[in-house]
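Q: Numbering of the first sequence is given in this note's numbering, commencing with residue 18 and proceeding in unit increments. Ideal Cβ placement from N, Cα and C applies to all residues, glycine included. Keep in mind that this is a model prediction, so the values were computed, not measured. Just dropping this structure here.
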Amino acid sequence: MSIRYWLMKSEPGCYSIDDLKRDKKTAWTGVRNYQARNFMRDDMKVGDMVLFYHSNSDPAGVAGVAKVCATAHEDETAWDHNDDHYDPKSTPANPIWVNVDIAFVEKLPQFVSLPEMKAEPELRGMMVLQKGSRLSIQPVTAPQFKWVLRMGGI
DNA sequence: GCCAACGTTGGC
DNA sequence: GCCAACGTTGGC
Numbered sequence: 018m019s020i021r022y023w024l025m026k027s028e029p030g031c032y033s034i035d036d037l038k039r040d041k042k043t044a045w046t047g048v049r050n051y052q053a054r055n056f057m058r059d060d061m062k063v064g065d066m067v068l069f070y071h072s073n074s075d076p077a078g079v080a081g082v083a084k085v086c087a088t089a090h091e092d093e094t095a096w097d098h099n100d101d102h103y104d105p106k107s108t109p110a111n112p113i114w115v116n117v118d119i120a121f122v123e124k125l126p127q128f129v130s131l132p133e134m135k136a137e138p139e140l141r142g143m144m145v146l147q148k149g150s151r152l153s154i155q156p157v158t159a160p161q162f163k164w165v166l167r168m169g170g171i
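This is the structure we're talking about:
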């Protein structure tokens with residue numbers, strides 16, 4: 018099975034590409050959406066490549082590249098009462114939420130903004146460009162991934 | 001800060 | 001199982 022490509026959203030005020038660069042890698046905890054969880058649990062494999070997307074920022078867009086460095090495992094923040102993403106439905110005996118780990122690869126020489134991506138005919142159909150696209154983890158095709166990297170100066 | 005789009009919850 | 005109400009996301 019060849020590697021897959023993904024887009025993962027993060028609010029830079031919460032966790033940015035610079036934070037990932039500093040940390041080298043991070044556990045992608047806190048996802049509380051079943052569709053996004055299922056992508057992590059069922060489809061994401063070590064070596065898969067990730068567009069690191071800054072959402073809710075000015076401008077929003079792709080800031081860097083990461084790769085999956087650990088497959089899905091139990092998201093322990095779900096049963097931490099003090100965590101923002103605490104979910105009483107999930108327990109160690111009956112875990113609901115999982116997370117992958119991702120590692121820093123590089124920061125794009127040029128940030129690729131959402132308006133720039135919308136203007137690219139090659140990227141038409143990309144999930145993040147669709148109206149109302151709120152999913153925080155999205156599949157990306159290989160050509161879309163490569164095109165965004167090219168736009169970002171790689 | 002506004003608001004449209006979406007997901008989830010809960011009454012029936 | 002329907003659907004209204006609500007909370008959240010995220011672009012603008």
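1) What did DSSP end up calling L24 once you bin it into helix, strand or coil?
2) Can you tell me whether DSSP reads E93 as helix, strand or coil?
3) Whose C-alpha, out of F56, L125, I119 and K163, is nearest the C-alpha of K84?
4) So if DSSP puts V157 in a beta bridge, which residue, or which two residues, is it bridged to?
5) By Cβ distance below 7 Å, which residues in the same chain neighbour P109 in space, the five residues on each side in sequence not counted?
6) Would you mind reading off the limits of the beta strand (DSSP E) that contains A44?
A: Quick answer:
1) In the first sequence, counting from the first residue as 1, residue 24 sits at position 7. Of the three classes helix, strand and coil, the one that applies to L24 here is strand, per DSSP.
2) The residue labelled residue 93 in the question sits at position 76 within the first sequence. The three-state secondary structure of E93, taken from DSSP, is helix.
3) As a working mapping, residue 84 is identified with position 67 in the first sequence. Minimum Cα distance to K84 is reached at I119.
4) Looking up residue 157 in the first sequence gives position 140. In DSSP, V157 forms a bridge with Y22.
5) Counted from its first residue, the first sequence places residue 109 at position 92. Once the five neighbours on either side are set aside, the close Cβ partners of P109 are W96.
6) Residue mapping note: residue 44 aligns to position 27 of the first sequence, counting from 1. Secondary structure note for A44: its beta strand (DSSP E) is the uninterrupted segment K42 to A44.
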